[in-house]
Amino acid sequence: VCILLRAYTRPRWTARTRGRVGPRIHETRPHHGSGGGMAPPATRQPMYRILCKAGEESFSLAARDGKVCLVRTDRDDDTQHWIKDMKYSIRVKDEEGYPAMALVNKASGEALKHSLGQSHPVLLTRYNPDTLDESVLWTESRDVGEGYRCIRMVNNIYLNFDALHGDKDHGGVREGTTLILWEWTEGDNQRWKIVAWC
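Quick note on full-length UniProt numbering: the sequence shown kicks off at 1 and runs consecutively.
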């Protein structure tokens, strides 16, 4: 068995560097010769909720009307149920070595997609699990306190999930708070958990 390691480079812009820097994405792929075989049988996927420390247990991430936002937690609301698809986690990792995942909404079947850049809303897009699309791949950072982590783009770990104006200085999380990407500022509105619905 041979492992092929490919490094992808995508430029990123940060105020700190005032230039373009290319982080690496590592993809490893086992080589098994020719053939293919059948796909494994479909299994029931566990459902997760995504919550922000700034909103605590009261708010969960949802896909509503084509937008990604925080809403009052409601277990019966499928727009708040997410599939954490780890299909590419072995092959694709961020520059720190954390495994990639896609976050797919149960109600819409759409995946969270990278925004157009810092301060722009996270997008939704049709999800095809059989196509490797790095624009829908995310990673979780190390623990940044109390089990919370940063959720960031697989190809630019410097842009993190951010509940827009969800910090205390801006009044905190409320119904409809938009999810954007922002550089790490250590705020509670950038600390996230992906937890199974109980």
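Think of the CB as a built atom: it goes at the ideal place given N, C-alpha and C, for glycine as much as any other residue. Computed from a predicted structure; not experimentally measured.
DSSP puts residue i in a beta bridge; with which residues?
| i | result |
| --- | --- |
| Glu110 | Arg126 |
| Met153 | Trp138 and Asn156 |
| Lys84 | Leu103 |
| Arg44 | In DSSP, Arg44 forms no bridge with anything. |
| Trp182 | Asn160 |
Secondary structure at residue i, three-state DSSP: helix, strand or coil?
| i | result |
| --- | --- |
| Ser141 | strand |
| Ser60 | strand |
| Thr177 | strand |
| Asp188 | helix |
| Arg24 | The predicted model places Arg24 with a pLDDT of 45, which falls under 50 and marks its position as unreliable; any figure quoted below should be read in that light. The answer is strand: DSSP assigns Arg24 an E or B state. |
| Lys168 | helix |
| Asp78 | helix |
| Ile50 | strand |
| Cys69 | strand |
| Ile194 | strand |
Could you say which of the options lies nearest to residue i if we only look at CA atoms?
| i | options | result |
| --- | --- | --- |
| residue 202 | Arg191, Arg44, Lys84 and Arg75 | Outside the shown range of the chain (1 to 198) lies residue 202, about which nothing can therefore be said. |
| Asp76 | Pro99, Arg49 and Met86 | Arg49 |
| Ala63 | His81, Glu140 and Lys53 | His81 |
| Lys53 | Gly166, Cys198, Ile180 and His170 | Gly166 |
| Asp133 | Phe161, Ala102 and Val122 | Ala102 |
| Lys93 | Trp197, Phe59, Thr131 and Thr139 | Thr139 |
| Leu112 | Leu179, Asp188 and Glu183 | Leu179 |
| Ser58 | Leu116, Gly187 and Thr73 | Thr73 |
| Leu61 | Cys198, Glu183 and Phe161 | Phe161 |
| Arg142 | Pro46, Pro99, Gly66 and Arg91 | Pro99 |
| His120 | Trp197, Ala196, Met47 and Glu183 | Glu183 |
Are residue i and residue j touching if we call contact CB-CB under 8 Å?
| i | j | result |
| --- | --- | --- |
| Gly55 | Val173 | yes |
| Glu175 | Val71 | yes |
| Cys150 | Gln190 | yes |
| Tyr148 | Lys193 | yes |
| His114 | Ser89 | no |
| Lys168 | Pro129 | no |
| Asn105 | Thr125 | no |
| Tyr127 | Glu146 | no |
| Ala163 | Thr185 | no |
| Leu181 | Val122 | yes |
Of all Cβ atoms in chain D, is any one closer than 8 Å to the Cβ of residue i?
| i | result |
| --- | --- |
| Lys84 | In the structure shown, chain D cannot be found, because there is only a single protein chain. |
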